[in-house]
Amino acid sequence: GMGVHSMMNILNLESLTKIECEQIIVQPTNSRPQHLLLLYKRLFEDGWRLEEECIEFMDQRWYITSSFVLKKEEEKEEEGVFLLPGDYLSSKKKEKDEQFKIYKEYVKHHV
Numbered sequence: 001g002m003g004v005h006s007m008m009n010i011l012n013l014e015s016l017t018k019i020e021c022e023q024i025i026v027q028p029t030n031s032r033p034q035h036l037l038l039l040y041k042r043l044f045e046d047g048w049r050l051e052e053e054c055i056e057f058m059d060q061r062w063y064i065t066s067s068f069v070l071k072k073e074e075e076k077e078e079e080g081v082f083l084l085p086g087d088y089l090s091s092k093k094k095e096k097d098e099q100f101k102i103y104k105e106y107v108k109h110h111v
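If you want it as structure tokens, here you go:
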């Protein structure tokens, strides 16, 4: 597995631009909110938009998988909204009922 800080070292804008990457899917080994926040903030500042999140609880650990897409030129000009880790999960209560239940337990554990 790979932690947030290693991911941030690898997922730099210059390298991703060279290979014309348009989507990133990450699942850091450390899902603590403060660590995910660093990764989300960095990707947002580099022009990525959160597209999807999934959460699972296995072997006494939470695993959050996040998908980011590169903003299109017209999106880059807009201010945009910085989504926090879990924003996508918490806003899709009906569609992701089981995911939302797991997310509530994740929040409860970290508060």
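When we follow my numbering, the leftmost residue of the sequence shown carries the number 1, and every step to the right adds one.
Positions of the beta carbon are idealized from the N, C-alpha and C atoms, including for glycine.
Those residues which DSSP pairs with residue i across a bridge
i, result
"V26", "S66"
"I55", "I64"
"R49", "V69"
Beta carbon of residue i nearer than 9 Å to that of residue j
i, j, result
"Q23", "S67", "yes"
"L13", "G47", "yes"
"T65", "Q34", "no"
"R42", "V69", "no"
"M8", "L38", "yes"
"H109", "W62", "yes"
"G80", "K72", "no"
Cα-Cα separation, residue i to residue j
i, j, result
"E45", "M58", "31 Å"
"L89", "E53", "6 Å"
"I55", "L16", "25 Å"
"E51", "I19", "20 Å"
"Y103", "G86", "7 Å"
"I25", "L11", "11 Å"
"K101", "V107", "10 Å"
"E105", "S91", "16 Å"
"E40", "S31", "A small fix is needed here, since residue 40 is Tyr in this sequence, not Glu. Taking the straight line from one Cα to the other gives about 12 Å."
"K60", "T29", "Per the sequence shown, the amino acid found at residue 60 is Gln instead of Lys. Distance between the alpha carbons of Q60 and T29: 13 Å."
"D97", "C21", "32 Å"
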